[in-house]
Amino acid sequence: MMRSLLIIAAVACVALLLGAVLQPRGYAVRVVCLILLAASLGQCWNIVGGLANQVSLGHAAFFGIGAYTSTMLQIKFGLSPWAGLPIGMLFAALVSVLLSIPTMRLKGPYFSLATLAFGEACRIVATAATGLTGGPQGVSVPFAGNSWLLLQFRGAGAYVPVFVGLFVVVCVAFTLLANGRLGYMLRAIRENEDAAEVTGINTLGVRLAGGAISAALTAATGTMFAQFTFFIDPDIVFSATSISIRAALIAILGGVGTLAGPIVGALVIVPLEELLSAYLSNKAAGIAPLIFGLILIGIVVWRPSGLVSLVTQRRGRT
Amino acid sequence: MAALATLAASNAWSAEPVKIGILVPLSGPTAQFGNNIRNGVELALEDMKETGGLKALGADVELVYADVPAPNAAAAATQRLISQDGVVGIIGSFVSSITLAASEVTERAGVPMMTHSFADQITSRGYKFIFQVANKASLFGEKQLTYALDIAKRAGSPVSKIAILYEDTAYGTAQAKGLRDTANRLGIQIVVDESYPLNLTDASPLVNKLRASGADLVFPVSYFNDAILIIRTMRQQNLDIPTVGGAAGYIIPDFKKGLGDLVEGVYSIAPANYDALPAIAEKYKKKYGAFMPHEALMYGAAFQHMVKAIEVAQSRDPEKIRDAIAALRKCDGFSAGLPGGCTAFDANGLTSVAFPVFVQWRGDDIVTVYPPEVAKAPAYWRGKEVK
Amino acid sequence: MIAVLQALADGLMIGGVYGVIAVGLSLVFGVLGIVNFAQAEFMMLGMYVAWFAWRYLGLDPLVGAALSFVAVFCLGALVQRLLIQRIMKAPPVAQIFLTVGLLIVLENSALLLFGPEFRTVKTAYQTRALMIGPIFVSVSYLSAFVAAVIVSGGLWLVLTRTWIGRAIRATAQNPMAATLFGVDTRWIYAVAFGLGTGLSALGGGIVLSYSSVSPTSGSQYVVLMFTVVVLGGLGSVMGALVGGVIVGMIQSLSTLVMPIQLQNLALFTIFIALLAFRPQGLLGSPSR
Amino acid sequence: MTPIVEVAGVTVRFGGLVALSDVSFAVRPGEIIGLIGPNGAGKTTLFSALVGLNRPDAGAIALDGQRIDGLRPHRIARLGMTKTFQNTALFPAMTLLDNVVTAAAVRLPLGAARALARDCLEKVGLGAAADTDIDDLTFPQKALGEVARSLATAPKVLLLDEVMAALTPNEMDAVVATLRELRDREGITLVIVEHHMRAIMRISERILALNFGQLIASGTPAEVSRDPQVVTAYLGQPDASHA
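Protein chains in written order, with our numbering: chain A, 1 to 318; chain B, 319 to 705; chain C, 706 to 993; chain D, 994 to 1236.
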C-alpha cells in the first residue's frame, strides 16, 4: 500500500516536473499529457478488468458519456466543465449499473463481447440522437482563451497539473480498492463466485460498485479528453478500437491487475506510436502501424502477463 | 521578381528548406484519399518548380507527412509537425473530423492550415488560421438538388418526388441536410430520407424502400463500398431512376472499375473536376495511371496557394503567412482548375470564389456538365441530350 | 406483406453468407478456446486472393473462394504454429491482446502489399435478379447463399465423417483425452485454426462476389461476426449458421419498422438481451 | 427449545431429476448433526439449498425462526449460516490469511478483520500456515482453512462438507476435537457431511440419513446404524464396512 502510493507520487512528481521544464506549447509536453490520459484510462479499465477480471471491451461507452455530458452542458447551458464533470461521472455510473442488469452473470468472452456490443450501441445512439449530441458532425468546445474556470488552455503544458490530478485520483482509487475491503471482495469474486457469496460477500453489489466506480472515473477521463482536444464526435469518443480496446491494451501490456501495469503500458504505447508515426509517416503507408502491431505481438509472446512481470518475477526469485 | 530573388538569396537562412506539413490519412479506412492527396500535392510542387514559382522563394519547399488514420491521432500529429518539424503551414486532411481536431491545434499555435474538408463548422467557429478551399457541405447539398432540378426541367421531365440516401457520417448528414432544407424550401416532396451506417453489408433494405417510394430522382451520398452496393442492387431490381451521387465514392476512378457500364450517365456533385485543367490532368494520369480525382486537384491548389503566400510574405513567420494566404487571390496553376478559376478567401477563411459543379460519367471519364458557364459537354438525361 | 416477405428473403440469403464467414470464428473458439479478433482480417485476405484469381485467372469469385480457402488455411496454420501455440496457456487477456496485434499487422500488411484502393469484381449475374412472384431474389445473393449452404454441408461432413474431423471434435471436448487416443493435439490445433481462418477467407470470396475489398474491409465485419457466433453459441458450428440467418433477419426486418441507421442498434440490443437470458447462445451447450 | 434450523418439505429439482424430495427436519442450537448417505443421495444439494446456492422448488427453510429460503447466499451468511465446499474452494490467488481476512472484512474494518482472521486460523491449528499460498497447502490444510474462513463470518450454524477426507486416523481425531471445542466454546451448531463412518459416528449427537433425495432415518448414531433402511442403502457401499 505504501509502496503503491510512493509509485503514484513519484510518477506524478516526474510528470509535474516535465510539465514545468518542457516548452509549454510544444510537442513533448503534449505527449506527456497523452501518456497521463492513457495511463488514467488504462487504470480505470484495470479496476474492473484487473481486480474483478471482467474484461470489458465497452469502456468507450463511459468515456463518451463523460466527454459528451460536460461538452454539451457547456455548449447548451454555459456550464463549466468542472460542474459537468461530476454530472457525467454520475450519469456513467448509472449507465454502468443499468448495463450490469443483463451482463452481470456473463462469464469470460461472453461478458467481453456483450460490452463490446454495448459500446457500439452507444456509438450508434450518439450518432442518431442529433438533437442531444450534435450527431455525426461532432461538436467543438467553444474556445474562450486560457481559463481555469472553463478548464481550457492555449498550450498543452497548462494541462499537465490537471491531468496529473486525474491520474493521481484514478491511481489512488485503484490502490484503495485493491488493498481495501472492496479489493478483497472483488478478488474473491474473481476467484470463486459461489465461495464468495457463502462467505457473506454481496457479489452483485460489489460488482456493481466496482463497475460504477470504474465507469465514473472513465467518464472523468472522457471529460478531460474533450477539454484537451476541443473537438469530439461519436466515432472519436465511442470508438471500439481507439478507446475500448486501447484501454484494455494499455493495462494488459503493462500487467493486468497491478497498479504499475497501466502506467508502464501507457509509457510504452504512447511514445511508441508517436515515434513510429514521426519517423515512418514519410515512408510507405501502413509501415508504422505494421511495426506497432509486430511489437505488440512480440511483447505478448515474450511476456504474456505483461511487462510488469519482468520486475515482479525477478523479485520473486531472489 | 529578380529583386525578390536576390533578396531571398542573400538571406542566411535561405539554404534551409521551408517545410509544409501534409496531414492526411495514409493508412486506415480513408487511406486511398490520403494517397490521392499526396499525389496531387507532389504534382503541384513539381508544377511550381517547372513554372519557376519556387525560385522567387530562394529556398526549396519540403513536404513533411503525418499519417493520421483517425481523428484521435490528429492533435498530437499536428503539434508534432509544428513544434518538432517546424512547419510553417499545414495542408490537410480530407476527413472533416480530423481537420476539425487538427485545426484546434493550429489555431492555438497560430499556424495556418488549408483544407478541402466540407464540414460547415470548419470556418464557422470564427477561427483565423483555417482556410477552406471548397464550399460547405450544406451548399453541396443545396446545389445537388437545384442543379438536378434545372437539368430535369430542361430535359422536359419535371421532378416532384426525390429520395435521399446518406451515410450517417459528418459528410453524409451535412450534405443531406442541405438537400432536405432546399427541397422543403422549393416544395419538392421527399419520399425517402434514410441514413444508413457507413460500410453497409447489405443494401437491399435501402433499395427496397427506394423502389416502393416511386421517387423521380435519387441522391445517394456515400463512399465507394456503399455506392457500389447501392447501384448494383438498384440495377438488379431494374430501377433506372436518374442518380445524382454526392461526390466522394461517385467520382473516383474505382467507381468505373467496379461497376463498368453501369456508371454511364450517373451524375454527381463535385467540388471541382480535372477537365478544367487538361494539361495537368494529363500529366497526373500519365504519372499515376488514373484520372486526377478532385481531392488531388483541390489540395494541389491549396498547397500552391500556400507556397505562393509564403513567397508574397517573404517570411517564415506563420502569422505573416496566414495574412498573405487571406489576402492572396491566386488564379494560375492548380487554382485555375477550381470552379471560379481562382483560390481566394472571405473573412472567415471560406472560399469566396468556388462553387460546386455537376459531373456526369462518360466512358472512363467524368465530364463537367453544369453550370453552363463551366460545362465542357451537354448533360444527358435518361439518354437524351439536354439543350 | 410483400415488404415482409422481401425482407425475409433478403435476410435469409445475406444471413447464410454471414453464417459462413462467422463459422470459422466459432470453430477456432470451440477448439482452441481463443477469441480471435483477427478473424475478419483473414476474411479480408481471402477477398484479395479471390480478387486476384478473378483478375488474373478469370475465375468467378465463388470459384476463386476455393483458392482463398487453401491459401489462408496454410497461412492460418502457420500463424497458429508460430504464434498462437505459444499463448495457448496464457491468460485470456493476453490472447485477446495477441489477436488484436495480429489484426493490426494483417490490415497494414494488406495496405503495404495491395495499396489502399477498393477492388471489386464484375460478373454477369451481379445485376440480375429473379422474380419469384412479387419478390426480387438477387442472383448474386442467391448464388452466395447456395455456396454458403454447400460449404456448411461440406464442413459438417468433414467434422462428422472424417478422421481429422473427429480428432478436431475430440480435441475441442477434451484435449487430454484426445491425446490418450493418439491424437497429436498441437497438430490438430494448427489444422483447426487453419480450417477456421480458411473458412472465413472462403466466406470472403463469397462476399466479394457482390461487394468490394480494401485493406480495412475486415473492420466492417468484425463486430458482426462476433454477434453471429455468440447468438448461435460460441464454439457451435451449426449455431454459427443459425446465428447468421438470425442476424440477417434482424437486420432486414428491423428496417421495416425503424430507420435503417438503427439496424445495428436493434441487432445489438437483441444480442445483449438474448445473452442475459441464454448466456450460452441459442445452440451452445452450457459449458463451452 | 426452538430449533435453530428448521427445514420443512424442501424439494429441489434439476430439470427432470429430483435431487431432494420433501425433506423435513429441525436442528437444535448447539447440536452436532451428522448427515450421511451414499453418493448422489443429495447431501451437497441439501447444503447448497440451506445456504441459498440452490433455490428450493418447494418447502421452507428457517434460520433462528426467520424464513431464509429464497434469500441470496450472502444474506444467509450474514444471518449466521454458511458452509464449506466439498474439495475445497479457497481463493487460489491469495494467501491463506487473506482468504480468511476476506470473509472477516465483510463486516469488519480491515485491521479488525486481520486480527480476527489470525484468531480463526489459530482455532483450527493453522496459525503457522497463515502466509502460505493456497497451492502450497496440503489437502487437509485446505479443508481446515475453509473452516477457518467460515468461522470468520461468525456463524451460528456451520455446514461442513467432507472436511475430514484424506486424513489419517490421528489427524481425524485432532479435527474432531477441534470441532467439538468450537461447539463447546462458541456454541456453533455443526452439521457435518462425512463419508468416513467412524468419524461421523463419533462426533455426531444425532444422524440424518439421506437416500435418493429422501430423508430415510434420523436418530442417535446407534439407532441410525441399526436402521434397516440405512443398512440397505449402504449395502455394497465400501464406506459402510468402515462403520
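Backbone N, C-alpha and C define an ideal beta-carbon position, used for all residues, glycine too. Remember, predicted model here, so these are calculated numbers, not experimental data.
In the DSSP assignment, B:Arg680 falls within the unbroken beta strand (DSSP E) covering 675-680. Taking a C-beta cut-off of 7 Å against chain B, the contacting residues of the segment 825-852 of chain C are Thr825, Lys827, Gln831, Thr832, Arg833, Ala834, Phe841, Ser843, listed in chain order.
Distance from C:Leu972 to C:Ile955 at the Cβ level is roughly 5 Å; contact confirmed, criterion being Cβ atoms closer than 8 Å. For the pair A:Val55 and B:Val536, the Cα-to-Cα distance works out to about 45 Å. Counting only the Cα atoms, A:Val31 lies some 7 Å from A:Val270.
When the alpha-carbon of C:Ile809 is set against those of A:Leu99, A:Ile291, A:Gln23, the nearest one is in A:Ile291.
Rounded to the nearest angstrom, the gap between the Cα atoms of B:Ala597 and B:Cys660 is 17 Å.
Contact between B:Ala419 and A:Phe238 does not hold, since the beta-carbon distance rounds to 15 Å and is not under 8 Å. Taking a Cβ-Cβ cut-off of 9 Å, the neighbours of A:Leu34 in chain B comprise Ala393, Ala394, given in sequence order. Nearest to B:Leu557 by C-alpha distance, out of B:Pro571, B:Asn543, B:Tyr568, B:Leu580, is B:Leu580.
When only Cα atoms are considered, A:Val308 and A:Val264 end up about 7 Å apart. Annotation: the continuous beta strand (DSSP E) that includes B:Glu512 extends over 507-514. When 9 Å is used as the limit between beta carbons, A:Glu120 is near these residues of chain C: Val928, Asn969, Leu970, Phe973, in chain order. Take B:Ser475, set aside five residues on each side of it, and the residues of its chain with a beta-carbon closer than 8 Å to its own are Asp534, Trp699, Arg700, in chain order.
Per the DSSP secondary-structure output, C:Leu967 pairs with nothing in a beta bridge.
Excluding sequence positions up to five before and after D:Ser1017, its CB lies within less than 8 Å of the CB of Val1000, Ala1001, Gly1002, Val1003, Gly1052, Leu1208, all in the same chain and listed in chain order. DSSP places C:Ile977 within a helical segment (H, G or I) once states are collapsed to three.
By the neighbour-count definition (other C-beta atoms within 10 Å, threshold 16), D:Cys1113 is a buried residue.
A straight line joining the alpha-carbon of B:Lys367 with that of B:Ala388 spans about 33 Å. Looking from the CA of A:Lys76, the closest CA among A:Tyr27, A:Leu132, A:His59 belongs to A:Leu132.
If you ignore the 5 residues before and after C:Val842, its C-beta comes within less than 8 Å of the C-beta of Ala714, Met718, Ala834, Leu835, Met836, all in its own chain and listed in chain order. Residues of chain A whose Cβ lies closer than 7 Å to the Cβ of D:Pro1085 are, in chain order, Glu191.
In the DSSP annotation of this structure, the continuous segment of the alpha helix (DSSP H) that includes B:Lys626 starts and ends at 612-631. For D:Pro1133, the enclosing alpha helix (DSSP H) begins and ends at 1132-1144. A direct Cα-to-Cα measurement between D:Ala1226 and D:Glu1139 gives close to 30 Å.
Taken in chain order, the members of the segment 792-817 of chain C whose beta-carbon sits within less than 7 Å of a beta-carbon on chain B are Asn813, Leu816.
Chain-ordered, the chain B residues with CB closer than 8 Å to the CB of A:Ile236 read Ala388, Pro389, Asn390, Ser415, Ala419.
When C-alpha distances from B:Phe449 are compared across B:Asn354, B:Gly607, B:Ala665, the shortest belongs to B:Ala665. Between B:Phe652 and the set B:Arg356, B:Lys638, B:Gln622, the nearest pair of CA atoms involves B:Gln622. Within its own chain, the residues whose Cβ lies closer than 7 Å to the Cβ of D:Leu1172, once the five positions on either side in sequence are excluded, are Leu1183, Ile1196, listed in chain order. Around the Cβ of A:Cys122, a 10 Å sphere holds 16 or more other Cβ atoms; the residue is buried. Under the 8 Å criterion on CB atoms, A:Phe63 is classed as non-interfacial with respect to chain B. Between the segment 929-938 of chain C and the segment 809-824 of chain C, the count of C-beta pairs closer than 8 Å stays below three; the two stretches do not touch. At a C-beta separation below 9 Å, A:Gly49 has no neighbours in chain B, since its nearest C-beta there lies roughly 21 Å away.
Taking a cut-off of 8 Å for Cβ pairs, the segment 348-355 of chain B and the segment 194-203 of chain A do not touch, as fewer than three such pairs fall below it.
Distances from the CA of D:Asn1204 to each of D:Asp1129, D:Val1150, D:Pro1221, D:Thr995 were compared; the closest alpha carbon is that of D:Pro1221.
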